[in-house]
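Protein sequence lines, in the order shown, are assigned to chains A and B. Here the first sequence stands for residues 2 to 153, where the numbers follow my numbering. Here the second sequence stands for residues 2 to 153, where the numbers follow my numbering. Note that CB positions come from ideal geometry on N, CA and C, so glycine has one too.
Protein chains: 2
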Amino acid sequence: MKIRIALAAASSALFFALPASAQFAKPEDAIKYRQSAFTVMAAHFGRIGAMANGRVPYDAKVAAENAEIVATMSKLPWAGFGPGTDQGAPTRAKPEIWREGDKFKAASDKMVAEVAKLDAAAKSGNLDQLKAAFGGVGQSCKACHDAYRTER
Amino acid sequence: MKIRIALAAASSALFFALPASAQFAKPEDAIKYRQSAFTVMAAHFGRIGAMANGRVPYDAKVAAENAEIVATMSKLPWAGFGPGTDQGAPTRAKPEIWREGDKFKAASDKMVAEVAKLDAAAKSGNLDQLKAAFGGVGQSCKACHDAYRTER
Numbered sequence: 002m003k004i005r006i007a008l009a010a011a012s013s014a015l016f017f018a019l020p021a022s023a024q025f026a027k028p029e030d031a032i033k034y035r036q037s038a039f040t041v042m043a044a045h046f047g048r049i050g051a052m053a054n055g056r057v058p059y060d061a062k063v064a065a066e067n068a069e070i071v072a073t074m075s076k077l078p079w080a081g082f083g084p085g086t087d088q089g090a091p092t093r094a095k096p097e098i099w100r101e102g103d104k105f106k107a108a109s110d111k112m113v114a115e116v117a118k119l120d121a122a123a124k125s126g127n128l129d130q131l132k133a134a135f136g137g138v139g140q141s142c143k144a145c146h147d148a149y150r151t152e153r
Numbered sequence: 002m003k004i005r006i007a008l009a010a011a012s013s014a015l016f017f018a019l020p021a022s023a024q025f026a027k028p029e030d031a032i033k034y035r036q037s038a039f040t041v042m043a044a045h046f047g048r049i050g051a052m053a054n055g056r057v058p059y060d061a062k063v064a065a066e067n068a069e070i071v072a073t074m075s076k077l078p079w080a081g082f083g084p085g086t087d088q089g090a091p092t093r094a095k096p097e098i099w100r101e102g103d104k105f106k107a108a109s110d111k112m113v114a115e116v117a118k119l120d121a122a123a124k125s126g127n128l129d130q131l132k133a134a135f136g137g138v139g140q141s142c143k144a145c146h147d148a149y150r151t152e153r
């Protein structure tokens, strides 16, 4: 029994023997982390959307500041989708994420790439470029949500 | 009645007529946002702590990457503490935050300044500097939590 527990502990330690950037003590922590990263990203992406859609006046400086935060955030959530983090806290993440790792990775890479374009467009100070790039990011968000996030 | 509603709407709009970087549709959104920013910050700060405390080997590159994310995150939560965001979702934020705005602002500025030192120390590649700066940030976290966050 003791051996079994020790093996389980060792296996769990191995499980989380990922790069320091991907370490979480419990699956619950990883789930909370990835959800938090998406929440922060969505808030700042929404501010760019308000400008892209004309709901608030375009302010190039504010757009660039928000895009830079979105770019930073876009790289973070993925470390929170490690093996074994499909449960442990309420999550809308579909099991397909862990069954189709390569496809999920491609979808997340696509989003990161589109966000990098948004960041460049925001820095350009050109509203039309910002609008186009905003649309590209939105499509990459939607594609991933449609495939890998359950409806509420 | 219609006028009263219109006035309420106008007042609510004014209420949130903050810089675009501080806009939230509902207090609940602001609360969720600030909590998410703290969650992401804590995860990355914790990775630096693991190195500062010798729980994982020191890796200058990983420390610098994490410190840069902490520095970005440190500036974000404060926009989520606007007027009227003392309630609307579960929160451990004490009412003192809105009663002692200046003191809370000073405490948050202190944290941001300590994190900037941490970022510089991490970039230096010197573990002793990192440990010292980590302690400074930790103290600024604790001071603010002691004064402005309720115990669980």
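Secondary structure in the segment 27 to 93 of chain A: the alpha helix (DSSP H) runs of 4 residues or longer, each lying completely within the stretch, are 28 to 53 and 61 to 75 in chain order. Annotation: the continuous alpha helix (DSSP H) that includes residue 140 of chain A extends over 128 to 149.
Taking C-beta separations shorter than 6 Å and ignoring five residues to either side along the sequence, the partners of residue 71 of chain B in its chain run 42, 45, 46 and 116, following chain order. A distance below 8 Å between beta-carbons, with the five flanking residues on each side excluded, links residue 123 of chain B to the following residues of its chain, in chain order: 49, 61, 64, 65, 67, 68, 69, 131 and 134.
Of all residues in the segment 27 to 44 of chain B, only 33, 34, 37, 38, 40, 41 and 44 place a beta-carbon less than 7 Å from a beta-carbon of chain A. In the DSSP annotation of this structure, the continuous segment of the alpha helix (DSSP H) that includes residue 111 of chain B starts and ends at 102 to 125. Within its own chain, the residues whose Cβ lies closer than 8 Å to the Cβ of residue 149 of chain B, once the five positions on either side in sequence are excluded, are 94, 95, 97, 98, 105 and 108, listed in chain order.
Counting the other Cβ atoms within 10 Å of the Cβ of residue 140 of chain A gives fewer than 16, which makes it exposed. Taking a Cβ-Cβ threshold of 9 Å, the residues of chain A close to residue 73 of chain B are 69, 70, 73 and 74, in chain order. Rounded to whole angstroms, the gap between the alpha carbons of residue 91 of chain A and residue 25 of chain A is 17 Å. At least one CB of chain B lies nearer than 8 Å to the CB of residue 77 of chain A. With fewer than 16 neighbouring CB atoms inside 10 Å of its own CB, residue 143 of chain B falls in the exposed class. Non-local beta-carbon contacts of residue 28 of chain B in its own chain, meaning distances under 6 Å to residues more than five positions away in sequence, involve 85, 86 and 89 in chain order.
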